[in-house]
Each structure stands twice: as C-alpha cells, then as structure tokens.
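Under our numbering, the first residue of the sequence shown is numbered 91, with each subsequent residue one higher.
Glycine residues also receive a C-beta, built at the ideal position from the N, C-alpha and C atoms.
In what follows, a structure is listed as structure tokens, so that the remarks can point back to it.
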Amino acid sequence: MTDDRLIIAGREFKSRLWVGTGKYKDFAETKKAIEVSGADVVTVAVRRVNITDRSKENLLDYIDPKKYTILPNTAGCYTVEDAVRYSRLARAAGVSDLVKLEVLGDERTLFPDTAGLIEAAKILVKEGFIVLPYTNDDPIVANPYNLKIIMEMIKVPIIVDAGVGTASDAAFAMELGADAVLMNTAIAGAQDPIAMAEAMKYAVHAGRLAYKAGRIPRKLYATASSPIEGML
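Right, here's the structure in full:
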C-alpha cells in the first residue's frame, strides 16, 4: 500500500505511526526509538523542551528536521493563553506552524478543557496555524451543531492519542478506522523501548492493512471453512 499516504493540509506522511519524545532514559535512546519506529512525525512538548537556547544540549539536536516533521505540542497548558503563547513560541523559533493543541482541564485524568480548546483553536487557525486538537468524545461539545463548527474550522484526520499500551492496542485502533496513532509512553516506558518501537511500526501497518481489506462479519458460532455441498 505504497500509495496509501496520510495527507494533512497538503503535507504527505508515509507513516501512520507518530511518536513522542518524553520519558526516555536519554536523547540517544530517544533517537534510536524514533528511527526504529519508522515514524516521520515526532511530537515535542514546547513547555518541557529547550527550543530557544541553542548553546545547550537540545533534543532537537538528535532529530533531523530534514528527515522528520517536528510537531510541537502544548502539553502542560491549562489555559487558552498558555496554549496560544507556546504555539506562537514554537513557530517563532522556526519549529513549525503545525501544532498539536492541548488545553487541559484536569491534571489527574488529562481530560481536555473542551471550551478552552475550541477558543484557542479559533485564535490559532485565524493566525494560520494548522491545528491538531487533543480532545475526547465530550458528550456536551460533541453535539451536531458544535461538531459542524469544529470540523469546518479544523479539517484534520482522526489520530488516536493516549490509551495505547502495546502493539495489539495500536493495531485495533487502526482496524477501527483511525487515520494514525500517536504514542509516547507505550514505547518509552516498555522494558525494551527499541523493540517496542519496532513492534508498534508493524502493528500500525497491519491494522491499516486489515482496515482497508475489510474484516469478515462477526458471528456467534463457528462456520465450516470447507463447503458441505457434494460431500460423500
């Protein structure tokens, strides 16, 4: 499926596995895991990574911007003002105008502040950012009227983020029709992060192939795979 590329705002991505950069033991391990994963989108938390002082060791020294699309995110932002500020900072530093927008509402669950998310998204879209909002299936916001506004404002695919723990989770998400999977902890927190990065690469690819192939209908009972007509 070499022609099955993910396209966002005219940008083409060969891999449907996107990876984060936190929680690794060092930058060298981060770099190796990214390479093995086959991902071409790497997300970086603007609040937690030095992107302005180039005189100090920097995560971005280990990620080749010619090889990867660096996706800044506003992880750790709990207000519209902070999320917008750090998005602007990333663009001003030359990282990207593509941003994974997070406006968190709860520190324990990391559920989004959906009202704040929409407000911040409106501001950034007007400023020319390509916004990938971090959100959930909020029963209040996800009504037909609001969804119409959101989808017209932010034309992005569905990318599963959070909740993936191992390769089978990633494959299942893709089988359900997700356009991509973004993960960090599942790889960085594994006993062998490099091996898990490789497992996730194959899982996402397999899940996408299965989704495109179309699974057989689920049945309560088994059905003989060999025909019974004409049997002796």
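{"query": "Limits of the beta strand (DSSP E) - the one that GLU192 falls within", "result": "Per DSSP, GLU192 belongs to no beta strand (DSSP E) and is neither H nor E."}
{"query": "N-terminal and C-terminal residue of the beta strand (DSSP E) that ARG101 is part of", "result": "101-103"}
{"query": "GLU288 versus ALA173, ILE124, ALA183, residue with shortest Cα-Cα distance", "result": "ILE124"}
{"query": "Chain-order list of residues whose beta-carbon lies under 7 Å from that of ASN51 (same chain, five-residue window excluded)", "result": "Since the displayed the chain opens at 91 and closes at 322, residue 51 lies outside it and no answer follows."}
{"query": "Expected contact under 8 Å - CB spacing of LYS122 and ILE284 to nearest Å", "result": "6 Å"}
{"query": "First through last residue of the beta strand (DSSP E) which encompasses ASP259", "result": "Per DSSP, ASP259 belongs to no beta strand (DSSP E); it is in the alpha helix (DSSP H), 257-265."}
{"query": "Beta-bridge partners of LEU222, as assigned by DSSP", "result": "LYS190"}
{"query": "Cα-Cα separation between LYS146 and ARG305, rounded to whole angstroms", "result": "51 Å"}
{"query": "Rounded distance between the beta-carbons of VAL193 and LEU207, thought under 8 Å", "result": "5 Å"}
{"query": "Identity of the residue in ASN148, GLU209, GLY267 nearest ALA303 by Cα", "result": "GLY267"}
{"query": "Presumed contact (8 Å Cβ cut-off) between SER127 and PRO162, rounded CB distance", "result": "Actually they are not in contact, since the Cβ atoms of SER127 and PRO162 sit about 19 Å apart, beyond 8 Å."}
{"query": "Selected residue, minimal CA-CA separation from LEU214, among THR199, PRO223, VAL174", "result": "VAL174"}
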